[in-house]
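To start, the structure under review is shown below, and the notes come after it.
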Amino acid sequence: MSSTNQRLLACSFFGLLFVSGGLTSPGLLRANFPQDVALRKQDTTSTESILVRRDLSVLTPVVVADLGPNGVVMQSGALVPWYDVLVAENWQQISGTEWVPVPSPEILEYQQTYGQPWFLVRNRLARGESLDVERLLRELAERGPEQQPAPACAMAARQLLARQLADRGDVAAAWLSWLMARKSDDENLAIGGPSEIEATWLAVYLDRYDLPADSIVNLPVSIPFPISWSDAEQQQLLELSDRPAAGLCLVAASLNAANPRDRKTLAEIVQRSYAQANNAQRELLASCGKTIDTIESWRVNPDLLASDEVRFGYLEVERQWTSLANPSNDSDRNTTKVNVDLERQKLVWQLRLEGIFLNAQSNPQVAEAGQLRLLLLEHWGFNSHSLRNSVMRN
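Sequential numbering from 135 applies to the sequence shown in the working numbering.
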């Protein structure tokens, strides 16, 4: 048997020992993750370049085109995320027309900083466990904030953190985590990205854990919308409200009170995000501005709040939603998917803003009118957190 084959068999054997917990390296102890994975101690006498993946497959020689927080881009264009790197020795990187050694401490730092935490997160999520997952995701999300654009692995961590927070009932914090991820994405777009490879990295890290979002303001559709936000959470929304998604959330948060912010203040919130909005988002913001005007007319005229027009106004919105799903003429059939999505989002935010405002009123009949709007949204698949408790209370 050749010396190379002997070497590869030895790597696979050591890899099995590491996976089973038979060996522990100094690097692992420093990373404080002894219970799940161990990194192989570097063999400084070797001259072969080797990458052993977690399925114990071996790549050699290892010639790297690029490496960073997300992982390794091989000369062939293949992507290897850090969570999939078990053993790394003597890598070479392309520099112009030459190959230069990749420093072992640099690889070890990436493995400890990104590889081990992501390996733990993915394994535990796959097993349905949550031990330390939220903490690890927070740390991963906060790494590299000085980098522009933000690495895909940090954006993915924020999105997965949103899911974890929602699962334990902290939906306002979940939406804030999601909004921070979307802000990073918007910043990437503003500087001409994300690049195709960065988008691919994001898909790699999210994998089957990705959350669906609407196509207009890119807000999650599977996480219930918070009816109430704390003062601290509203302050965070304010800091993010130069973006349309956060601006709309702040308007909704401001309406959940018997004496909400006045029309001028709400209109200023909407206007603030216009500069960062695309055409579809601006049309949605304009529609929400009209809803704010309607709510203001209700607020200054209490008699209107108890009217049948307000109590049953959601029925007209339901009719419009149905007509979008079942176009009645050729003109409607030619409506593009983007326009249908936009019109639906207008209806969603109309019901959401009206429902949250009405639900906060002290008159039981008025509050019921708000609950009916939010229940209709739930029927469409847009749930509201704490709505059930509100219905039971009334």
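Backbone N, C-alpha and C fix where the C-beta goes; we use that ideal spot for every residue, glycine too.
Values in this document were obtained by computation on a predicted structure and should not be read as measured data.
With C-beta atoms as the reference, is residue i less than 8 Å away from residue j?
i	j	result
Gly-381	Val-404	yes
Val-192	Gln-226	no
Trp-216	Gly-249	yes
Val-305	Pro-360	yes
Ala-366	Ala-494	no
Arg-277	Ala-288	yes
Lys-480	Ser-388	no
Arg-478	Leu-509	no
Leu-476	Leu-419	no
Glu-503	Leu-521	According to the sequence provided, residue 503 is Ala. The question's Glu does not apply to it. Contact flag unset, no.
Ile-325	Pro-394	no
Ala-307	Leu-299	yes
Gln-415	Val-474	no
Trp-335	Leu-213	yes
Val-207	Asp-218	no
Trp-432	Trp-514	no
Leu-439	Val-385	no
Leu-295	Arg-316	no
Arg-507	Tyr-448	yes
Which two residues bound the contiguous alpha helix (DSSP H) that contains residue i?
i	result
Ile-331	330 to 340
Arg-453	448 to 459
Leu-222	Before going on, a small fix: residue 222 reads as Ala here, not Leu. Counting along the chain, Ala-222 falls outside any alpha helix (DSSP H), though it belongs to the beta strand (DSSP E) covering 219 to 223.
Ala-324	305 to 324
Arg-297	286 to 301
Val-404	397 to 406
Glu-263	Run containing Glu-263: none; DSSP gives neither H nor E here.
Val-385	378 to 388
Leu-374	365 to 374
Arg-445	442 to 445
Pro-436	436 to 439
Which value, in whole angstroms, describes the spacing of the CA atoms of residue i and residue j?
i	j	result
Ile-357	Pro-436	33 Å
Leu-511	Pro-251	38 Å
Tyr-244	Arg-188	16 Å
Asn-123	Leu-274	The shown model of the chain, from 135 to 528, leaves out residue 123, and the question about it has no answer.
Phe-516	Ile-241	44 Å
Ala-337	Pro-346	13 Å
Ile-429	Gln-293	33 Å
Asn-257	Leu-270	12 Å
Gln-411	Asp-348	The sequence shown places Ala at residue 411, rather than the Gln named in the question. Those two C-alpha atoms are separated by around 15 Å.
Ser-210	Gln-484	50 Å
Thr-179	Ser-318	Confidence is the limiting factor: at Thr-179 the pLDDT is only 41, short of 50, which leaves the residue's position unreliable, though a coordinate-based value still follows. Going by the C-alpha atoms only, they are around 43 Å apart.
Pro-203	Ile-426	43 Å
Leu-173	Gln-246	Any reading at Leu-173 must be qualified, since the residue scores a pLDDT of 35, below 50, and its modelled position is unreliable; the value itself is stated next. Taking the straight line from one Cα to the other gives about 9 Å.
Trp-233	Leu-185	17 Å
Leu-374	Met-314	8 Å
Ala-222	Pro-195	11 Å
Asn-224	Ser-311	38 Å
Ser-518	Trp-309	12 Å
Glu-450	Arg-342	38 Å
Arg-297	Trp-363	18 Å
Thr-399	Gln-368	14 Å
Val-482	Ser-183	56 Å
To which residues does DSSP link residue i through a beta bridge?
i	result
Val-108	Absent from the model: residue 108. The displayed extent of the chain is 135 to 528, so no value can be given.
Leu-185	Leu-193 and Ala-222
Asp-200	Val-207
Ser-518	Phe-359
Ala-420	Paired residue(s): none; Ala-420 is not in a bridge.
Ala-275	DSSP, once it has assigned bridges, lists no residue as partnering Ala-275.
Pro-354	Ala-347
Between which two residues does the beta strand (DSSP E) containing residue i stretch?
i	result
Gly-504	Per DSSP, Gly-504 belongs to no beta strand (DSSP E); it is in the alpha helix (DSSP H), 498 to 514.
Pro-215	213 to 215
### Query
Do the stretch 369 to 383 and the stretch 400 to 419 touch if we need at least three Cβ pairs shorter than 8 Å?
yes
### Task
State whether the stretch 327 to 336 contacts the stretch 484 to 499, with contact taken as three or more CB pairs (one from each stretch) at a distance under 8 Å.
Judged by Cβ distances under 8 Å, the stretch 327 to 336 makes no contact with the stretch 484 to 499, as fewer than three pairs qualify.
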